Amino acid sequence: MSKVPAGLRYTKSHEWVRDTDQGFVVGITDHAQDLMGDMVFVELPKIGAQLIAGKECAVVESVKAASDVYAPVAGEVTEVNQALAEIPETLNRDPYGDGWLFKVRPVDKSILKSLLDAPAYETLLASEG
Amino acid sequence: MGHRTPLYEEHVRAAAKMVDFGGWDMPLHYGSQIAEHHAVRQSAGIFDVSHMRAVEVRGPDARAFLRYLLANDVDKLTVVGKALYGCLLNEQGFVLDDLITYYLAHDWFRIVVNAGPADQDIAWFRAHAQGFTVDISPRADLAMLAVQGPKAYELASPILGPVVDAAFAQLKPFHAAICGDIFIARTGYTGEEGFEILVDAGRVVDLWRGFVRAGIAPAGLGARDTLRLEAGMNLYGHDMDLSVSPLESGLAWTVSLAPGRDFIGRAALLRQQAQGLQRRLAGVVLQGSGVLRSGQVVHCPEGDGLLTSGTFSPSLGRGIGLARVPIAAAVGQVCEVAGRAGRTALARLVAPPFVRHGRALVDL
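As you go down the protein sequences, you meet chains A and B in turn. For the record, in the first sequence the residue sitting at position 79 is 79 according to the numbering used here, with numbers rising by one throughout. All you need for the numbering used here is the position in the second sequence, starting with 1, plus 129.
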């Protein structure tokens, strides 16, 4: 079974968001990395980019497939995980930790509550079978 | 649910990700297909290839029949045990399947065909056997393993036992031997040293476990694909199929057009040759970072081509592929590959293979 840590928020397109004092940290879920298999390239947004919620903002590419990453919330990119460019397999090994993609300063912090919580995301995964 | 090989339970127990391949439930990987790829290039890996079908062709006319049936000429097989790669064509010269023929006795050849087309192949064999005294018997009772990598033999030797081990030590590349109930061949689909085994389905689980305990890494279809593509080997259904001839698929070397032998598809190939070939299969290497995917269009100055296979090469750290391009598009030509969201990437045409015996054979 895929890991779905409590305390994170999730999107239907399989991104996760962690609320920290440095803003929101965004990554892709364990389920997403497992579906895609071995990651070989990661294309990250530019620092300072203005993200539009629901729009593609990064690309993760595995041996098997390429997939867009969608911005879970609107806001400005404040930091990106450059280490992933060198070692993309970190995304497979630790999707919720060292495999984070970027940090964003949200336009509206309260928007987080509109994303899925862990039980809701687990329900979504179960329904996707 | 698809067909299952005798090793299905082993794969599930090893937490393999299972996928459909040619109607069979097969392991894609056991955790990381890139790690499995490197295991084969640097040490040894083992593949369950029991979905492939062995077919016996036996009888006094076996040789004459196969000379008529196959585009390559089994008369090249003069030493018992020798193997020959080639294509099965239809009358139009298009590819029904690619296969390996092993010469086991003057009246006995063993052919190994792909999983997907197997039933059609066997029906085709039988439909064209009229007038030949041959018996055609698929061996669904046999399972097949491929053990590949520079340490394949060293690690497998204690598991094979002294009799098979002694026979294997004598075996030249692309030759096979039968030792009791084990058929062992120095063939494979990875560009590395190694061997393939055909054995009674009831014995294969014990053999598999023995090889794995000896330190040979289970490897799935994902690694099999990146390994064969690096080795410049075609995959049936992708790089050639019923819409192209072997001459357009980088397989002219497997077609014997020498006079004095008629075979199914020969007239069509001669016609194609006389009219002049329009397309050829080329190797493609991405200049920058990224992954090539089958189906991508390759824009060359000589015209457009199409990627028939594409992947990320773990050995080279680059996107590589095979593409059917205009015949005039030569090695060294830089082309534009159409990518996602209207973007393009530069790629160069090369002569496969990309990697053999752990060494890069193309300049990056």
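Glycine is no exception: its CB is placed at the ideal position from the N, C-alpha and C atoms. In this text, all values refer to a predicted model and were calculated from it rather than measured experimentally.
Item                                                                                                                                                                                 : Value
To the nearest angstrom, how far is it from the Cα of A470(B) to the Cα of E43(A)?                                                                                                   : 14 Å
Just the C-alpha distance for V334(B) and G260(B), rounded to the nearest angstrom, thanks.                                                                                          : 41 Å
Per DSSP, F441(B) is paired with what?                                                                                                                                               : G448(B)
With H, G and I counted as helix, E and B as strand and the rest as coil, what does DSSP make of G394(B)?                                                                            : coil
Kindly indicate which residue of W100(A), P119(A) and E61(A) has the alpha-carbon position closest to the one of Q82(A).                                                             : W100(A)
Secondary structure at Y137(B), three-state DSSP: helix, strand or coil?                                                                                                             : helix
Taking the CB atoms as reference points, tell me whether T355(B) and P443(B) lie closer together than 7 Å.                                                                           : yes
Measuring only between beta-carbons, confirm whether F41(A) sits less than 7 Å from chain B.                                                                                         : yes
Apart from the five residues on each side of it in sequence, which residues of its chain come closer than 6 Å, Cβ to Cβ, to T29(A)?                                                  : H14 and W16
From what residue to what residue does the beta strand (DSSP E) around T473(B) run?                                                                                                  : T473 to V479
Measuring CB to CB, does Y232(B) end up less than 7 Å from K211(B)?                                                                                                                  : yes
Using a Cβ-Cβ cut-off of 7 Å, state whether I449(B) counts as contacting chain A.                                                                                                    : no
Can you name, in chain order, every residue of its own chain whose Cβ lies under 7 Å from the Cβ of R353(B), other than the five neighbours on each side?                            : F176 and Y318
Taking C-beta pairs closer than 8 Å, name the residues in chain B that A120(A) reaches, listed in chain order.                                                                       : Result: empty, since nearest Cβ-Cβ is about 26 Å, beyond 8 Å.
In chain order, what residues of the same chain lie with their CB nearer than 8 Å to the CB of A387(B), ignoring the 5 residues before and after it?                                 : D202
Mapping the DSSP letters down to three states, classify W382(B) as helix, strand or coil.                                                                                            : helix
Kindly indicate which residue of P189(B), A247(B), P287(B) and V427(B) has the alpha-carbon position closest to the one of V263(B).                                                  : P189(B)
With a threshold of 7 Å between beta-carbons, can E61(A) be considered close to chain B, or not?                                                                                     : yes
Rounding to the nearest angstrom, what Cα-Cα distance links G366(B) and A49(A) in this structure?                                                                                    : 43 Å
Of the residues A411(B), R332(B) and L445(B), which one's Cα is nearest the Cα of D368(B)?                                                                                           : A411(B)
Report the neighbours of S418(B) on chain A: residues whose CB is nearer than 8 Å to its CB, in chain order.                                                                         : F41
The alpha helix (DSSP H) spanning T90(A) covers which residue range?                                                                                                                 : T90 to R93
D38(A) versus chain B: which residues are under 7 Å apart at the beta carbon?                                                                                                        : S161, Q162 and I163
Run down chain B in chain order and give the residues with a C-beta less than 8 Å from the C-beta of A32(A).                                                                         : Chain B residues near A32(A): none, gap ~14 Å exceeds 8 Å.
Hey, would you say A53(A) sits closer than 7 Å to V73(A), going by beta carbons?                                                                                                     : yes
Name the chain A residues whose beta carbon is nearer than 7 Å to that of F441(B)?                                                                                                   : V40 and V63
Between which two residues does the beta strand (DSSP E) holding V148(B) run?                                                                                                        : K146 to F150
Can you pull the chain A residues whose beta carbon is under 8 Å from the beta carbon of T355(B), in chain order?                                                                    : V63
Apart from the five residues just before and just after V384(B), which ones in its own chain have a Cβ nearer than 8 Å to its Cβ?                                                    : A200, N201, G215, C216, P375, L376 and L398
Going by DSSP, which residues form a beta bridge with Y90(B)?                                                                                                                        : There is no way to answer for residue 90(B), as the model of chain B reaches only from 130 to 493.
Kindly list the residues whose CB is nearer than 7 Å to the CB of C429(B), restricted to its own chain and excluding five residues on each side of it in sequence; keep chain order. : V454, P455, A458, Q462 and C464
Return the residue from the list L124(A), Y121(A) and L115(A) that minimises the CA-CA distance to F24(A).                                                                           : L115(A)
Kindly list, in the order they appear in chain D, the residues whose Cβ is closer than 9 Å to that of G351(B).                                                                       : Of the protein chains in the structure, A and B, none is chain D.
Quick one: using the 10 Å Cβ neighbour count with 16 as the cut-off for buried, is R390(B) buried or exposed?                                                                        : exposed
For the candidate residues G131(B), I307(B) and A314(B), whose alpha-carbon lies nearest to that of A234(B)?                                                                         : I307(B)
Using only the alpha-carbon positions, how far apart do A247(B) and V178(B) sit?                                                                                                     : 13 Å
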